[in-house]
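Trainee: Sequential numbering of the sequence shown, starting at 660, is according to the numbering used here. Have a look at the structure that comes next, please.
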Amino acid sequence: MADALVIVESPAKAKTIGKYLGKKYIVKASMGHVRDLPKSQLGVNVEQNFEPKYITVRGKGEVMKELRSAKKKVKHVYLAADPDREGEAIAWHLAHSLGVSLDDKCRVVFNEITKQAVKDAFKQPRHIDMDLVHAQQARRILDRLVGYGISPILWKKVKKGLSAGRVQSIAVKMIRDREQEIRSFVPEEYWTVTAELKSGKDSFDAKFYGYEGKKKELKSEDDVAELLSHIKGKRFTVEQVKKSEKKRHPALPFITSTLQQEAARKLNFRAQKTMAVAQQLYEGVELKKGDTVGLITYMRTDSTRISDTAQVDTKNYIAEVYGDAYIPTETRKQKKKAGAQDAHEAIRPTSVLRTPNEMKAFLSRDQLRLYKLIWERFVASQMASAILDSMSADIQIGNAVFRATVSKIKFHGFMKVYVEGNDDKKQEKDKFLPGLIEGQQLKREKIEPKQHFTQPPPRYTEARLVKELEERGIGRPSTYAPTLNTIQKRGYIQLEDKRFIPSELGEIVIELIEAFFPEILDIDFTAHMEEDLDRIEEGTADWIKLLDQFYEPFSQRLTVAEKEMDEIEIKDEESDENCEQCGSIMVYKFGRYGKFLACSAFPECRNTKAIVKSTGVTCPDCKQGEIVERKSKKKRTFYGCERYPECEYVSWDKPNPRPCPKCQSLMVEKKIKKETMITCTQCDYQEEKN
């Protein structure tokens, strides 16, 4: 007979832990939460200290029956849900449903699912932490009060099926605000002038810097004409050469938000996918001989802390594989981020010795790519800084100064393993600067003026939005992925070219919430609320008092909104197409899988069809149809002939409207070594996309 029942959230986690604990333990999965607030009503008694009304989650009856049956066969019950607020709440709900006393030391937590970590955790079970439970419960009730308070008003005044959430509304507002910035942006003209210069046989580029050592912006063609007139007939002379050595430090190991950002940049993963794959790596992967092990530490964390053991093991690995020169000479002090809970370590491999190459045979393609990213980031974070030789030259011509600057890697350090991605900067190509001597005269090869215009701020990608939410203190590690998923499902935002754009519906909803519930969209208010929830978790704030302070003014705003909010009719946007079945105008609708066309005569006519974007490029196969943009079932963009199925041309690569200058064949856009190139489909011609 088994001694104890262990309950975790998922079957995968149960399988891994079961192998570690042996036959004396029955390990079962609760499949997440077993109790929650009812969907059909508010489920919170605001008159009685916000007492929640919990019910068994629909569909969990059989699960609970199985758990109760298993409990009768054992002496002890251990609740081993994830080590965070949500996991603590799951454990508390299970204890209540199974009749486990809160006086029992029934809670077991571990930051990584390895044999040693799990066995050590079971040697020191603890009581359920009610501060953590209260923090989760306060967030759940707070979100319920907001959602079930505002949503019915939006249903009545705008459109059925709408809803409003606390963190989600902030995210939509940020996307809406960015779109307004772009619409109101007025581009400003500026120019650059580049001189191609020659020293002996070596050529290099220098850019105009200013006059007499002071920086000068070229804002118009007149400024450029003045410069060109000034340097006409004069010679370029090296005025000053500076050489210096710079250190570049590695990025810190991943936390939840930085993992989501980097996976978006480097792997093209959506936040939700990143967390799903990370969960698989955390819960356990079967290696050879039936050995199952969790490959990474817990993936919902806002701490960059690393255990002493992991640091020592990694240091030894770096010394053995790369040499002592790659070990930092000083221990880096990692500054704790303001507001970080620091309950867990950073996201890292559970063993640095499990290299991506060794794990390749046991992981799916997505698992391997994410594991490699986590492994490389962690190892690099523990390595020596890179050393770069920097050289700059100021080149005088008359009173004008041109400047050339380059950096070369002297010692790779952490860059031997990993370099962090960047949303804002294009990866610079290696530049060349020959040995120059002060007073040396240079030969002028070419002077190239270029006109530019300032660009509006970019729309948010998932990575940019997660970074912004984190920096502003909105939400916590576990909330980013579901937040982005929710606002897309509701039709408040759309994703075009991997960037968020607010829908008309999203803009209307945000305007209404802004007018009647300004505190919900106040970033400082929301960030302060997150801090209050953290204080509840730490045991220094009362959860009922927090809810009471929020709800009293909020309920008054609900009353005002119910009376004063105008009803708004959102008319469907008409297309320029007619329904091929009844002849009525087709209108744009937004559904579960994005925008589509529907007949305006609905419900009499139920004709719908996908929106097809034209590329203006003739199909290279049939020479008759046009290549159009389509979406796969997984929402991935691809390109095919409009005459399908008569013509079966299909490609993942975006066609370019210009024919190849070399052979006149179709050219397409391809990513080659992180650069977008335009390449010919028939010959070896390629060029960089501007």
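Backbone N, C-alpha and C fix where the C-beta goes; we use that ideal spot for every residue, glycine too. None of these values were measured; they are calculated from a predicted model.
#1: My output table needs one value for Pro1117: the three-state DSSP class, helix, strand or coil.
#2: Restricting to runs no shorter than 3 residues, where is the beta strand (DSSP E) found entirely within the region 837-867?
#3: Considering only residues of the same chain and omitting the five flanking positions on each side of Met723, which have a CB-CB separation below 7 Å?
#4: Return helix, strand or coil for Asp1001, following the three-state DSSP convention.
#5: For Asn1237, report the span of its beta strand (DSSP E) as first-last.
#6: Terminal residues of the continuous alpha helix (DSSP H) containing Pro811?
#7: Based on DSSP bridge pairs, tell me the residues matched to Glu1347.
#8: Less than 8 Å between the CB atoms is what I'm expecting for His1111 and Tyr849, so what's the real figure, rounded?
#9: On a Cα-Cα basis, can you pick out the residue from Phe1255, Cys1322 and Val817 that is closest to Thr1340?
#10: Consult DSSP for Glu1035 and reduce its assignment to one of helix, strand or coil.
#11: In terms of residue numbering, what span does the alpha helix (DSSP H) encompassing Tyr941 cover?
#12: With distances taken from CA atoms, which of Asp881, Glu1196, Arg1062 and Val944 is nearest Ala1020?
#13: Measuring straight from C-alpha to C-alpha, what distance separates Gly808 and Leu701?
#14: In angstroms with no decimal places, state the Cα-to-Cα distance between Lys860 and Glu921.
#15: With DSSP as the reference, label Val705 as helix, strand or coil.
#16: Can you tell me which of Asp1193, Arg766 and Phe928 puts its alpha carbon nearest to the alpha carbon of Val777?
#17: CB Lys683 to CB Leu664, shorter than 8 Å?
#18: Assuming Tyr1210 and Arg1158 make a contact with CB atoms under 8 Å, what is their CB distance in whole Å?
#19: For the beta strand (DSSP E) containing Ile685, list its first residue and its last residue.
#20: Since I believe Ile749 is in contact with Ser689 (beta carbons under 8 Å), could you give me their beta-carbon distance rounded to a whole number of angstroms?
#21: If you measure between the beta carbons of Leu647 and Tyr1030, is that distance less than 8 Å?
#22: Is the region 1009-1020 close to the region 1043-1063, with three or more CB pairs under 8 Å?
#23: Sorted by chain position, which residues of the same chain lie with C-beta nearer than 8 Å to Ala969's C-beta, five sequence neighbours on each side aside?
#24: In whole angstroms, what separates the C-alpha of Met1326 from that of Glu885?
#25: Going by the beta-carbon positions, is the gap between Ala1043 and Tyr985 smaller than 8 Å?
#26: Do Thr1274 and Leu1256 have their CB atoms nearer than 8 Å?
#27: Count the other CB atoms within 10 Å of the CB of Val1309; is the residue buried (16 or more) or exposed (fewer)?
#28: Would you mind working out which of Ser879, Glu1107 and Ser1162 sits nearest Lys1254, comparing C-alpha positions?
#29: Within 10 angstroms of the Cβ of Lys1311, are there 16 or more other Cβ atoms? Answer buried if so, exposed if not.
#30: Can you have a look at Thr1199 and say buried or exposed, based on whether 16 or more other CB atoms are within 10 angstroms of its CB?
#31: Have a look at Gln775 and Gln939 and give me their C-alpha separation to the nearest angstrom.
#32: Going by beta-carbon coordinates alone, are Gln1055 and Glu1190 separated by less than 8 Å?
#33: Compare the beta carbon distance of Gln1100 and Thr896 with 8 Å and say whether it is the shorter of the two.
#34: Within a Cβ cutoff of 8 Å, which residues of the same chain sit near Cys1306, ignoring the five residues on either side of it in sequence?
#35: On the three-state DSSP scale, how would you describe Asp743?
#36: Around the Cβ of Val845, are there at least 16 other Cβ atoms within 10 angstroms (buried) or fewer (exposed)?
Mentor: For this structure:
#1: Along the sequence shown, one-based indexing puts residue 1117 at 458. Here Pro1117 sits in coil by DSSP.
#2: The qualifying runs are 848-858.
#3: Taking the sequence shown and counting its residues from 1, one reaches residue 723 at position 64. Excluding residues within five positions, the ones whose Cβ falls inside 7 Å are Val693, Thr715 and Ser756.
#4: As a position in the sequence shown, residue 1001 is number 342, starting the count at 1. In this predicted model, Asp1001 has a pLDDT of only 49, less than 50, meaning its place in the structure is not dependable; the value taken from the coordinates is given anyway. Coil at Asp1001, not helix or strand.
#5: As a first step, residue 1237 must be located in the sequence shown, where it is residue number 578. Run containing Asn1237: Glu1233 to Asn1237, per the beta strand (DSSP E) assignment.
#6: Here residue 811 corresponds to residue number 152 of the sequence shown, with the count starting at 1. According to the DSSP assignment, Pro811 belongs to the alpha helix (DSSP H) that extends over Met789 to Lys816.
#7: Your numbering for residue 1347 matches position 688 in the sequence shown. Glu1347 is bridged by DSSP to Met1336.
#8: Within the sequence shown, residue 1111 is the residue found at index 452, counting from 1. Within the sequence shown, residue 849 is the residue found at index 190, counting from 1. Between Tyr849 and His1111 the Cβ distance is about 5 Å, and since that is below 8 Å, they are a contact.
#9: By 1-based counting over the sequence shown, the position of residue 1340 is 681. Ranked by Cα distance from Thr1340, the first of Phe1255, Cys1322 and Val817 is Cys1322.
#10: Start at 1 with the first residue of the sequence shown, and residue 1035 comes out as number 376. Judged by DSSP in its simplified three-state form, Glu1035 adopts helix.
#11: To locate residue 941, count along the sequence shown from 1; it is residue 282. Per DSSP, Tyr941 is one residue of the alpha helix (DSSP H) stretching across Ala930 to Glu942.
#12: Translated into positions along the sequence shown, residue 1020 becomes position 361. Ranking Asp881, Glu1196, Arg1062 and Val944 by Cα distance to Ala1020 puts Val944 first.
#13: In the sequence shown, counting from the first residue as 1, residue 808 sits at position 149. In the sequence shown, counting from the first residue as 1, residue 701 sits at position 42. Their backbone Cα atoms lie some 9 Å apart in a straight line.
#14: The sequence position of residue 860 within the sequence shown is 201, counting from 1. The sequence position of residue 921 within the sequence shown is 262, counting from 1. Cα atoms of Lys860 and Glu921: separation of roughly 42 Å, rounded to the nearest angstrom.
#15: As a working note, residue 705 is residue 46 in the sequence shown. It is coil, neither helix nor strand.
#16: Mapped onto the sequence shown, residue 777 falls at position 118. Sorting Asp1193, Arg766 and Phe928 by C-alpha distance to the C-alpha of Val777 places Arg766 at the top.
#17: Against the sequence shown, residue 683 aligns to sequence position 24. Against the sequence shown, residue 664 aligns to sequence position 5. Going by C-beta atoms, Lys683 is not nearer than 8 Å to Leu664.
#18: Working through the sequence shown from its first residue, we reach residue 1210 at position 551. Working through the sequence shown from its first residue, we reach residue 1158 at position 499. The C-beta separation of Tyr1210 from Arg1158 comes to about 37 Å, leaving the pair out of contact by the 8 Å criterion.
#19: In the sequence shown, residue 685 corresponds to position 26, counting from 1. Unbroken beta strand (DSSP E) run through Ile685: Tyr684 to Ala688.
#20: To locate residue 689, count along the sequence shown from 1; it is residue 30. To locate residue 749, count along the sequence shown from 1; it is residue 90. Indeed, because the Cβ distance is near 7 Å, the residues count as touching under 8 Å.
#21: For the chain, the structure presents residues 660 to 1349; residue 647 sits outside this window and is missing.
#22: Flag = no, the region 1009-1020 and the region 1043-1063 do not touch.
#23: As a working note, residue 969 is residue 310 in the sequence shown. Cβ within range, chain order: Glu1004, Arg1007 and Val1011.
#24: Taking the sequence shown and counting its residues from 1, one reaches residue 1326 at position 667. Taking the sequence shown and counting its residues from 1, one reaches residue 885 at position 226. Cα to Cα, the separation comes out at about 41 Å.
#25: Taking the sequence shown and counting its residues from 1, the one referred to as residue 1043 is at position 384. Taking the sequence shown and counting its residues from 1, the one referred to as residue 985 is at position 326. Closer than 8 Å, so yes.
#26: As a first step, residue 1274 must be located in the sequence shown, where it is residue number 615. As a first step, residue 1256 must be located in the sequence shown, where it is residue number 597. Pairing Thr1274 with Leu1256 gives a Cβ-Cβ distance that is not under 8 Å.
#27: On the sequence shown, residue 1309 is found 650 positions in, with the first residue counted as 1. Val1309 is exposed by the Cβ-count criterion.
#28: Position 595 of the sequence shown, counted from the first residue, corresponds to residue 1254. Comparing Cα positions, the closest option is Ser1162.
#29: On the sequence shown, position 652 is the one that residue 1311 refers to. Per the sequence shown, the amino acid found at residue 1311 is Trp instead of Lys. Trp1311 comes out exposed.
#30: As a position in the sequence shown, residue 1199 is number 540, starting the count at 1. By the neighbour-count rule (16 or more Cβ atoms within 10 Å), Thr1199 is not buried but exposed.
#31: As a working note, residue 775 is residue 116 in the sequence shown. As a working note, residue 939 is residue 280 in the sequence shown. Approximately 19 Å between the Cα atoms of the pair.
#32: Taking the first residue of the sequence shown as 1, we reach residue 1055 at position 396. Taking the first residue of the sequence shown as 1, we reach residue 1190 at position 531. In this structure, Glu1190 does not lie closer than 8 Å to Gln1055 by Cβ.
#33: Here residue 1100 is taken as the residue at index 441 of the sequence shown, counted from 1. Here residue 896 is taken as the residue at index 237 of the sequence shown, counted from 1. Remark: C-beta atoms of Gln1100 and Thr896 approach each other more closely than 8 Å.
#34: Residue 1306 sits at position 647 when you count from the first residue of the sequence shown. Within the same chain, Cys1306 has close Cβ partners Cys1278, Asp1280, Cys1281, Gln1283, Gly1284 and Cys1300.
#35: Stepping through the sequence shown from its first residue, residue 743 is reached at position 84. Coil, per DSSP.
#36: What you label residue 845 is simply residue 186 of the sequence shown in a count that begins at 1. Looking at its Cβ environment, which holds fewer than 16 other Cβ atoms inside 10 Å, Val845 is exposed.
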